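Trainee: This structure is in structure tokens; I'll ask about it shortly.
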Amino acid sequence: MKLLFKQRIFSWLDSYDIYDEKGETVYTVKGQLSFGHKLFIYNKYGEHIGTIKEEILTFLPRFALYENDEYIGKITKEFTFFKPKFILDYKDWQIEGNFWEWDYQIVDYSGNIIGLINKEIFHMSDTYSLTIEHDEDAFYVLMIVLAIDAQKCSQNK
């Protein structure tokens, strides 16, 4: 499955549309004004299906992941000097990426690829291409990508 994650250009808060290979909107993400990032994910029918909340008052950036209202895991940026690294506390998955974090992959404990994430650089707004091995993992891969993007936005402010 392929998804295209595209940030809206003129938006005060984090706001994204996520498209499938046919160009149809499959998810919508809306940010809420709060301390730290708070993102709500909606399916194509407009139903709330997930939330990402930045945990504030932590030494390193950390984001809690919720499916509907149930906590399912977290992603934390690890302290490093040169290569950014994220620790994922969800399904024994790991995140591996390059220096700029524009291209990275999510793998399971055996090294099998769950999803490949690539940033497309010639667009007016942040645009990511997500290639997911199994359709049932698409929502979870999307949540991880959203959390990493939110961390990068916080870092650039």
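Here the sequence shown stands for residues 534 to 690, numbered as in this note's numbering.
Ideal placement from N, C-alpha and C gives every residue a C-beta, glycine not left out.
Bear in mind the structure is a predicted one, so any value in this text is a computation, not a measurement.
1. Counting pairs of beta carbons, one from the region 584-601 and one from the region 555-575, are three or more of them closer than 8 angstroms?
2. What's the gap between the Cα of W626 and the Cα of V559?
3. Check whether the Cβ atoms of E554 and K535 sit closer than 8 angstroms, and answer yes or no.
4. Which whole-angstrom value is the C-beta distance of F592 and A680, which I expect to be below 8 angstroms?
5. According to DSSP, what are the bridge partners of S576?
6. Just to confirm the assignment, what range does the beta strand (DSSP E) spanning G569 have?
7. Given a threshold of 16 other Cβ atoms within 10 Å of its Cβ, counted over all protein chains shown, does Q684 qualify as buried or as exposed?
8. How many Å lie between S643 and L649 at the Cα?
9. Cutting at 6 angstroms between CB atoms, please list the residues of its own chain near E611, excluding the five before and the five after it.
10. Can you name the start and end residues of the beta strand (DSSP E) that E603 belongs to?
Mentor: By the coordinates alone:
1. yes
2. To locate residue 626, count along the sequence shown from 1; it is residue 93. To locate residue 559, count along the sequence shown from 1; it is residue 26. Each residue's Cα considered, the two are about 24 angstroms apart.
3. The count along the sequence shown starts at 1 and reaches residue 554 at position 21. The count along the sequence shown starts at 1 and reaches residue 535 at position 2. In this structure, K535 lies closer than 8 angstroms to E554 by Cβ.
4. Counting from 1 along the sequence shown, the entry for residue 592 is found at position 59. Counting from 1 along the sequence shown, the entry for residue 680 is found at position 147. No, F592 and A680 are not in contact; Cβ-Cβ is about 17 angstroms, not under 8 angstroms.
5. Position 43 of the sequence shown, counted from the start, is the residue given in the question as residue 576. The displayed chain sequence assigns Asn, not Ser, to residue 576. Answer is Y560, bridged to N576.
6. Locating residue 569 in the sequence shown gives position 36, where the first residue counts as 1. That residue, G569, is in no beta strand (DSSP E); it is neither H nor E in DSSP.
7. Walking along the sequence shown from the start, residue 684 turns up at place 151. That one is buried.
8. If you number the sequence shown from 1, residue 643 lands on position 110. If you number the sequence shown from 1, residue 649 lands on position 116. Spanning the two alpha carbons is a distance of roughly 16 angstroms.
9. For the purposes of this step, residue 611 is taken as residue 78 along the sequence shown, with counting starting at 1. The residues are K618, I620.
10. Residue mapping note: residue 603 aligns to position 70 of the sequence shown, counting from 1. Per DSSP, E603 belongs to the beta strand (DSSP E) from 603-611.
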